[in-house]
Amino acid sequence: MLYSGPAFSAAALGDGIVELKFDLAGESVNKLNQAALRDFDAATQAIAKDASVKGVIVTSGKPVFIVGADITEFGGMFAAGEEALVKGLIETNKTLCRFEDLPVPTVVAINGVCLGGGLELALAADYRVASTAASMGFPEVKLGIFPGFGGSVRMPRVIGIDNAVEWICAGADKKADAALKDGAVDAVVAPEQLRDAAIAMVKQAIAGKLDWKARRAEKLAPVKLNKIEQTMAFNSSMAVVGAQAGPNYPAPMLALKNMQEGVALPRDAALEVEAKYFAKAALTPQANALIGVFLADQGVKKAAGAWEKKSKKEIKQAAVLGAGIMGGGIAYQSAFKGTPIVMKDIRDDALALGMNEAGKLLSKQVEKGRMTPAKMSETLARIRPTLNYGDFGTVDIIIEAVVENPKVKKAVFAEVEPLLREDTIIASNTSTISISHLAESLKRPQNFVGMHFFNPVNMMPLVEVIRGKQSSDEAVAATVKLASKMGKTPIVVNDCPGFFVNRVLFPYFDGFHMLLRDGADFLAIDKVMEKFGWPMGPAYLLDVVGMDTAVHAGDVMAAGFPDRMAKDWKNTTQVLVENQRFGQKNGKGYYVYAPDKKGKPKKTVDPTVSELIKGVVAARKEFTPEEIIARCMVPMVNEVARCLEEKIVASPYEADMALLYGIGFPPFRGGACRYVDQTGVANFVAMADKLAPLGKLYEAPKLLRDMAAAGKKFFG
Ligand SMILES: NC(=O)c1ccc[n+]([C@@H]2O[C@H](COP(=O)([O-])OP(=O)(O)OC[C@H]3O[C@@H](n4cnc5c(N)ncnc54)[C@H](O)[C@@H]3O)[C@@H](O)[C@H]2O)c1
99 MLYSGPAFSA AALGDGIVEL KFDLAGESVN KLNQAALRDF DAATQAIAKD
149 ASVKGVIVTS GKPVFIVGAD ITEFGGMFAA GEEALVKGLI ETNKTLCRFE
199 DLPVPTVVAI NGVCLGGGLE LALAADYRVA STAASMGFPE VKLGIFPGFG
249 GSVRMPRVIG IDNAVEWICA GADKKADAAL KDGAVDAVVA PEQLRDAAIA
299 MVKQAIAGKL DWKARRAEKL APVKLNKIEQ TMAFNSSMAV VGAQAGPNYP
349 APMLALKNMQ EGVALPRDAA LEVEAKYFAK AALTPQANAL IGVFLADQGV
399 KKAAGAWEKK SKKEIKQAAV LGAGIMGGGI AYQSAFKGTP IVMKDIRDDA
449 LALGMNEAGK LLSKQVEKGR MTPAKMSETL ARIRPTLNYG DFGTVDIIIE
499 AVVENPKVKK AVFAEVEPLL REDTIIASNT STISISHLAE SLKRPQNFVG
549 MHFFNPVNMM PLVEVIRGKQ SSDEAVAATV KLASKMGKTP IVVNDCPGFF
599 VNRVLFPYFD GFHMLLRDGA DFLAIDKVME KFGWPMGPAY LLDVVGMDTA
649 VHAGDVMAAG FPDRMAKDWK NTTQVLVENQ RFGQKNGKGY YVYAPDKKGK
699 PKKTVDPTVS ELIKGVVAAR KEFTPEEIIA RCMVPMVNEV ARCLEEKIVA
749 SPYEADMALL YGIGFPPFRG GACRYVDQTG VANFVAMADK LAPLGKLYEA
799 PKLLRDMAAA GKKFFG
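All you need for my numbering is the position in the sequence shown, starting with 1, plus 98.
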């Protein structure tokens with residue numbers, strides 16, 4: 099053995115060929131953490147010292163090649179500040195350069211996932227051969243950064259500027275054949291032939307049949323394009339990348355500017371440019387938020403995993419009560435992910451509609467080539483529509499999705515519970531009604547939980563699993579397990595009206611309604627809040643949610659939290675509902691809707707709305723964007739803090755992810771808690787204090803005041 103370390107080993111294979119194998123001790127995957135990089139360097143230097151080595155192949159001892167850098171290390175690295183970060187990157191880059199500069203040819207065998215830092219390591223070799231099972235890419239822009247271990251320097255030299263811009267700025271993964279087409283790998287072979295193919299390739303290079311020296315020289319020199327060609331390549335990319343990324347995601351443009359400077363320089367100088375731009379990207383608030391989101395997502399998945407382990411129950415058969423918007427969506431999602439489901443309604447036409455919706459969603463999968471027609475019929479056959487309780491004695495879980503009325507729900511529970519097995523779980527998809535309150539009508543309240551899906555069910559990643567006062571651990575755990583099996587991200591929360599997400603969403607709507615009451619223009623509010631990063635402004639969102647649904651839910655919230663959510667004035671949404679404007683569902687709300695060419699509802703401004711609402715709004719008044727943002731966001735964030743105080747949601751990272759996955763909180767802001775951190779807790783409290791005369795929703799809760807006084811943040 100030429101070298102053996104905790105991550106890398108180097109062994110002679112004969113004929114002067116060395117296999118440098120990455121097999122990170124104690125981990126299921128290979129990641130390029132600082133320790134692994136140091137080990138890689140030590141292995142490289144051992145190989146460099148051995149004059150008998152004629153060629154090197156790099157392989158992986160895991161099913162993946164390298165999943166990327168260790169993102170948990172970023173916080174510490176970036177906290178050192180711009181100058182130290184640049185210096186550190188230049189040092190780290192020397193590791194890959196020493197490998198690239200070995201006096202012998204090098205071939206990397208990419209067996210599986212090869213992302214970020216993994217691909218950067220692979221690019222430092224002379225040749226890359228991939229298994230058909232491999233996939234590779236630079237997902238860094240999704241974290242608000244871009245490849246900073248030489249990836250943005252080597253990629254344009256290996257695959258050309260246009261291709262490199264696409265790989266780096268779009269951040270998508272590519273399969274092996276696509277990578278071959280772009281020139282990122284030199285050959286693709288069957289998995290079992292990979293190692294032999296790498297050995298054969300390095301032998302060819304050793305024998306001089308492959309001109310590895312010319313290859314390498316290209317990577318060390320500036321990109322071979324004259325100034326005009328370079329300018330043209332980058333100018334066209336600037337417009338495309340700028341438009342795709344938008345103003346809130348600066349990393350792709352920084353990557354591009356960096357490449358524009360770097361391609362004209364030799365490797366080492368280009369690496370310095372890369373380090374400079376990388377540090378700029380890494381220290382943006384967007385990178386801080388997006389890296390936080392990545393880690394929070396892992397935290398949420400881990401918490402769900404811990405719950406799942408607690409469940410002994412297998413969910414083999416599910417049932418859904420109600421075949422409406424939500425029931426139909428739940429049935430589809432359950433069947434799509436492999437759990438058979440009985441769909442019960444009291445109306446034949448509702449069942450037909452539910453089946454029709456599921457059929458439409460599945461047809462789309464077939465049209466896109468993601469599903470065969472045979473699989474589609476198999477999936478549809480997993481949904482069994484019914485008007486009676488026939489074999490409810492065999493179901494493991496029932497998801498209740500009938501109308502949002504506690505009396506109806508309780509009546510349905512009383513009807514169905516005697517027909518069930520002792521251990522069948524009943525989960526309610528209520529969006530606002532307290533789970534402990536609904537449990538009062540049940541004989542086995544321990545089997546009862548909330549399972550709050552978001553609309554449209556097939557698209558929205560979040561499921562809030564609500565633990566009522568009497569819900570058992572098993573009921574919570576089995577529901578979490580089913581939500582994960584349905585492809586959703588479950589977050590367990592405690593019970594209260596609205597649970598977590600709606601409890602904090604309605605104060606945001608209240609803020610919006612108060613702005614309108616005080617003379618703001620809803621078109622201006624939507625524009626400002628969309629610029630803030632929300633996928634849609636509050637007026638548009640109310641139209642999508644359904645105005646009657648929102649008014650009804652608002653009443654439940656007001657009854658639950660009268661001190662701050664009850665009001666003695668009529669809001670604009672109530673007035674529009676009185677005028678039969680229910681939002682997108684009947685084509686008119688704050689906006690009017692007509693199907694576009696693809697049949698999707700397209701919104702346009704309706705001049706009659708201002709006339710309809712004029713009785714409940716003050717004379718038109720201008721509000722600055724800052725005022726609009728503060729008046730909408732402060733009530734929401736304050737309520738998040740109250741939910742943390744009351745342990746409705748267990749942690750700031752779960753709160754942030756619930757808002758991202760449930761209602762599309764702007765990812766580049768990282769969630770409500772991250773938003774407070776980035777605003778500065780004391781600044782946020784001052785902003786709330788200024789608005790406190792508007793009512794209790796604006797009064798910063800104790801948690802935030804204490805944090806501000808102690809100089810604490812939610813994260814880090
Ligand atoms: N629509 C949303 O955006 C949304 C989001 C999350 C949660 N929810 C909640 O999901 C539930 C259902 O909402 P929806 O929007 O799908 O309503 P919906 O009106 O579209 O569907 C309700 C369905 O329940 C059926 N139904 C009524 N009584 C029944 C009974 N006794 N047995 C069987 N079926 C019965 C109705 O025929 C109807 O098909 C509500 O509690 C709602 O608050 C809705």
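Positions of the beta carbon are idealized from the N, C-alpha and C atoms, including for glycine.
Would you report the Cα separation of residue 815 and residue 773, rounded to the nearest angstrom? Since the displayed the chain opens at 99 and closes at 814, residue 815 lies outside it and no answer follows.
Grab the span of the alpha helix (DSSP H) containing residue 249 for me, first residue to last. 249-257
Tell me which residues share the same chain as residue 358 and place their Cβ nearer than 7 Å to its Cβ, disregarding the 5 neighbours each side in the sequence. 332
Going residue by residue through the segment 568-625, where are the continuous alpha helix (DSSP H) segments of at least 4 residues, counting only ones entirely within it? 571-583, 599-615
Does the beta-carbon of residue 443, which I'm using as the reference point, lie nearer than 6 Å to any heavy atom of ligand 1? yes
Proximity test, residue 527 beta-carbon vs ligand 1 heavy atom, cut-off 6 Å: yes
Residues in its own chain within less than 6 Å of residue 555 by CB, not counting five upstream and five downstream? 427, 428, 431
Anticipated Cβ contact below 8 Å, residue 257 with residue 282, distance rounded: 5 Å
Considering only heavy atoms of ligand 1, does any lie closer than 6 Å to the CB of residue 537? No.
Counting Cβ pairs, one atom from each stretch, are 3 or more of them under 8 Å apart for the segment 624-631 and the segment 674-686? The way I'd put it, the segment 624-631 doesn't touch the segment 674-686; fewer than three beta-carbon pairs between them come closer than 8 Å.
Grouping DSSP H, G and I as helix and E and B as strand, with all else coil, what is residue 275? helix
Per DSSP, residue 533 forms a beta bridge with which residues? In the DSSP output, where bridge partners are listed per residue, residue 533 has none listed.
Measure the beta-carbon distance from residue 799 to residue 743 and round it to whole angstroms, keeping in mind my assumption that it falls under 8 Å. 6 Å
Provide the residue(s) that pair with residue 206 in DSSP beta bridges, ordered along the chain. 156, 226
Going by the CB atoms, is the gap between residue 759 and residue 580 shorter than 7 Å? no
Where residue 248 and residue 151 are concerned, what is the direct C-alpha to C-alpha distance, given to the nearest angstrom? Rounded to whole angstroms, residue 248 to residue 151 spans 25 Å at the Cα level.
Under the criterion of a Cβ to heavy atom distance below 6 Å, does residue 556 qualify as lining ligand 1? With a cutoff of 6 Å, residue 556 does not count as near ligand 1, since its C-beta is closer than that to no heavy atom of the ligand.
Near residue 620, which residues of its chain fall below 7 Å by C-beta distance, leaving aside the five closest residues on each side in sequence? Closer than 7 Å at Cβ, skipping near neighbours: 614, 637, 688.
In terms of alpha-carbon separation, which member of 569, 768, 794 lies closest to residue 862? In the structure as shown, the chain starts at 99 and stops at 814, and residue 862 therefore has no counterpart that could be examined.
Take residue 162 as the anchor and find which of 127, 353, 700 has the nearest alpha-carbon. 127
Looking at the secondary structure, which residues open and close the alpha helix (DSSP H) in which residue 382 lies? Note, residue 382: premise wrong, no alpha helix (DSSP H); not H, not E.
Cα-Cα, which of 506, 577, 397 is closest to residue 406? 577
Consult DSSP for residue 487 and reduce its assignment to one of helix, strand or coil. coil
I'd like to confirm something about residue 761: is its beta-carbon nearer than 6 Å to some heavy atom of ligand 1, or not? Taking non-hydrogen atoms of ligand 1 into account, the C-beta of residue 761 is found less than 6 Å away from none of them.
So, under 8 Å CB-CB, residue 663 and residue 608 are touching, yes? Tell me the CB distance rounded to an integer number of Å. 7 Å
Would you say the beta carbon of residue 423 is closer than 6 Å to some non-hydrogen atom of ligand 1? Flag set: Cβ of residue 423 near ligand 1.
Own chain residues within Cβ distance below 7 Å of residue 193, not counting five before or after: Closer than 7 Å at Cβ, skipping near neighbours: 135, 138, 139.
From residue 310 to residue 141, what distance separates their C-alpha atoms? 21 Å
Check the DSSP bridge columns for residue 117 and list the partner residues they point to. 109, 155.
Enumerate in chain order the residues of its own chain whose CB-to-CB distance from residue 225 is below 6 Å, with the five nearest sequence positions on each side excluded. 205, 284, 299
Can you tell me which residues form a DSSP beta bridge with residue 213? Residue 213 is bridged to 235.
Measuring alpha carbon to alpha carbon, tell me which residue in 212, 592, 234 is nearest residue 129. 212
Three-state secondary structure (DSSP) of residue 767: helix
Tell me where the alpha helix (DSSP H) around residue 729 begins and ends. Taken as a continuous stretch (DSSP letters only), the alpha helix (DSSP H) holding residue 729 covers 723-743.
Measuring alpha carbon to alpha carbon, tell me which residue in 694, 728, 673, 695 is nearest residue 708. 673
Can you tell me where the beta strand (DSSP E) with residue 692 in it begins and where it stops? 689-693
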